[in-house]
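Worksheet for the structure shown next.
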Amino acid sequence: MNGTMSKRKRLQKWIDLRFPLTRFVKHELTEYPTPRNLNYWWNFGFLAGFMLVMQIATGVFLTMHYKPDAAEAFNSVQHIMRDVNYGWLIRYLHSTGASAFFAVIFIHMARTLYYGSYRAPRELMWWSGQGLLILLMATAFMGYLLPWGQMSYWGAQVITSLFGATPVIGDQIVIWLRGDFSVGDDTLTRFFSLHYLFPFLILMGVVLHLVALHTVKSSNPSGITLHAQDNIPFHPYFTIKDFYGLGLFLIVFCSFVFFMPEFFIEPDNNIPANPLQTPAHIVPEWYFLPFYAILRSIPDKLGGVIAMTLSILIFAAMPFLDRCKVPGGAQYRPIYRVMFYVFIVDVLTLGYIGSQPPGGVLTTVGEFATFIYFASFIILPFTSQWENRLLARKKDLPKEALKLIRDEVEERYGDSAREDMQ
Amino acid sequence: MNCRPLCLALLFASGIAHANTVPLADVTLSTDADTLRRGAETVVTVCMNCHSLKYIRYRDLLNIGVDRDDLNLWMGDKDLNAPLLSLTPEDMARASYGKVPPDLSLMTAAREHGGRYVYSLLTGFYTDDDGYTNNHVFPGIVMPDVFGYSFAGTKEDQHQIENNAADVAGFLQWAAEPNAGLRKKIGSAVILYLVILTALLYLWKRRIWKDVDHDTGNTVRES
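So the protein lines, in turn, are chains D and E. Position one of the first sequence corresponds to residue 1021 (our numbering), numbered consecutively onward. Position one of the second sequence corresponds to residue 22 (our numbering), numbered consecutively onward.
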């Protein structure tokens, strides 16, 4: 017994002389300080990481049986579904996984918005997350072409044609993206290649995201930097909490994979791609619907494309737009809280409108929802400053809380801010 | 954070239904062994005169309990590993109908409520005022009324055709995803396993957090 222990110790020492393994585990896990008051909304970062690993793992196995060839792609997916051992499971994990990945990421973003975690000093985390979102969207979009069904084909046709709105060189860009005048075999092979490459770019992005996280540490529901005694080590407290959350997540995820896998697959995508026959109603995957609705709400093509791009990129402006000096999230900010929920309802409304054929009253609602979407960001500098004044006047916060808030504000923003608050 | 509004919102988002323009017959299809066997017989001896099921092989039919002697009769001189191809060559079909009849392997997966769609289509034939055969589900359909629903004389005949249509729809549902049965079987075990695992993880979590949990609240509480 003693002998094996010392053997282990000796091995550890041998490694530590050459690679900082023990130091790394201590610094990033067993002694990594994590706020004790994190709630379950903080589980979604870990879940996003899990989904990335799952998508890469299932994707690697799918690649062993998939054929990126316009004549064979659809057949090879059926080969996976019918002939490959548990191919159906690998494919359903991957196709449902794409939806789960976005669901997790959207909740992760909503948490960040609700609790104001994008604010100083976590701007780089927010921006790296923004980059990851765009990479994820590109990856999902290109992956959706690979089954080579009707919706795959026409979805790619519609989205790539959007780049044609670019002034002067629009047509050239579209041909460059497709490798042909319309979506075809060349498009499929390049999308396949990039769909395999991008997840590894995402992986690198996640490493940057985590390095930034371990520099600034996790935010927490109170919004203030906790005293040392209010932090607990990540391991074992948050490893077990993350695993428990993972269990809950997997129950929901596997319910879809095993009992409703076709929920996320459009019936039209079970018809092989046919360039001569346009489906009656082309819809993108659900995770693109709000942005698709914004695109359609602007009558001008170029304007629509710009609005859609902005609707994704505008999140990056949050650290500049939010002028509120009150630490913590929407739970301490009456106006921002209302804005948050209005925004969530607005995005869901846009999602519904994106799923419907355009026309009639829905177009009007879509235009209004698009207006609310951008207005939510544009009025934030004003409402957040108004909130500063409002909350400074409020007398019914507990004294301890006020003191904590003031100290924090002073430490972060200096004396002038303190005068604002008083 | 009060999670109720968000949960409701997610529920709403997941409920986005696809508009269905065709009123389909409200029929519950069974996929038991007898249905599959009868459906297989009708599909192979009737539908396959014009349609293919290219992702199904004759061998697959053994797995759903088709009799080996019946299968030999259907196969003729074809191999057990041969796909179920139409008896009408594509160019001949194109000459007669103007198009190749669609492959049926994925028919129920490629339509909204696919099984009910197939059933409703097969029992949707009627004779219009001008004496032409048409279809409620697919107006202007090229396919003839093979089962003769539009000119079935008696209620009994109609009932027989409805049973046939249900068998075909059930069989095509199986054909669209032959592994669906296995999937659900494994799924039940997986969910059971995950529920137990998650319960244990919860207990483990409580144990580890025992010394912390008495104060999970925020450091700054909202009064």
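Note that the Cβ used here is the ideal one computed from N, Cα and C, for glycine as well.
Excluding five sequence positions before and after D/T1369, the CB atoms of its chain that fall closer than 6 Å to its own CB belong to A1389, given in chain order. Distance from the Cα of D/P1167 is smallest, within the candidate group D/I1373, D/L1246, D/A1068 and D/D1089, for D/D1089.
In this chain, D/P1319 is not harboured by any alpha helix (DSSP H), its DSSP state being neither H nor E. Going by DSSP, E/Y147 is part of the beta strand (DSSP E) stretching over F146 to T148. Contact annotation: in the region 203 to 219 of chain E, residues whose CB is within less than 7 Å of a CB in chain D are R204, K205, I207, G208, V211, I212, L215, V216, L218 and T219. If you draw a straight line from the Cα of E/S107 to the Cα of D/M1084, it is about 31 Å long. Chain-order list of chain E residues neighbouring D/Q1098: Y76, by C-beta distance under 7 Å. The Cβ atoms of E/Q179 and E/A173 lie closer than 8 Å to each other. Residue range G1107 to Y1135 is occupied by the alpha helix (DSSP H) that includes D/L1113. By the neighbour-count criterion, in which a residue is buried when 16 or more other Cβ atoms sit within 10 angstroms of its Cβ, D/I1035 is exposed.
Neighbours of E/A131 in chain D, taken as residues whose beta carbon is under 9 Å from its own, are G1169, Q1170, P1287, D1288, N1289, N1290 and I1291 in chain order. Partner residues in the beta bridge of E/L74, as assigned by DSSP, are E/L105. Under a criterion of Cβ atoms nearer than 7 Å, the residues of chain D adjacent to E/W225 are, in order, I1260. With contacts defined as CB atoms closer than 8 Å, D/I1100 and D/Y1086 qualify as a contacting pair. In chain order, R1102 make up the part of chain D whose C-beta sits under 8 Å from the C-beta of E/P199. According to the DSSP secondary-structure assignment, E/T154 is paired through a beta bridge with E/T148.
Only exposed fits E/S51, as fewer than 16 other CB atoms lie within 10 angstroms of its CB. Take D/V1367, set aside five residues on each side of it, and the residues of its chain with a beta-carbon closer than 8 Å to its own are P1310 and Y1393, in chain order. When C-alpha distances from D/A1336 are compared across D/G1349, D/W1062, D/G1069 and D/Q1150, the shortest belongs to D/Q1150. Between the region 1110 to 1127 of chain D and the region 1069 to 1083 of chain D, the count of C-beta pairs closer than 8 Å reaches three or more; the two stretches touch. The bridge partners DSSP lists for D/T1054 are D/I1252. Taking 8 Å as the threshold, the shortest C-beta distance from E/I229 to chain D falls below it.
In this structure, the beta-carbon distance from E/L222 to E/V189 does not fall below 8 Å.
Where D/A1093 is concerned, the enclosing alpha helix (DSSP H) starts and stops at A1093 to R1102.
For D/P1339, the secondary structure class from DSSP, reduced to helix, strand or coil, is helix. Boundaries of the alpha helix (DSSP H) harbouring E/G60: A54 to T66, taken from the DSSP string. Along the length of the region 1200 to 1286 of chain D, whole alpha helix (DSSP H) runs at least 4 residues long occupy 1205 to 1236 and 1254 to 1279, reported in chain order. Within the region 133 to 150 of chain E, E133 and G135 place their CB atoms closer than 8 Å to a CB of chain D, listed in sequence order.
Under the DSSP assignment, E/K120 falls outside any alpha helix (DSSP H); it carries neither an H nor an E label.
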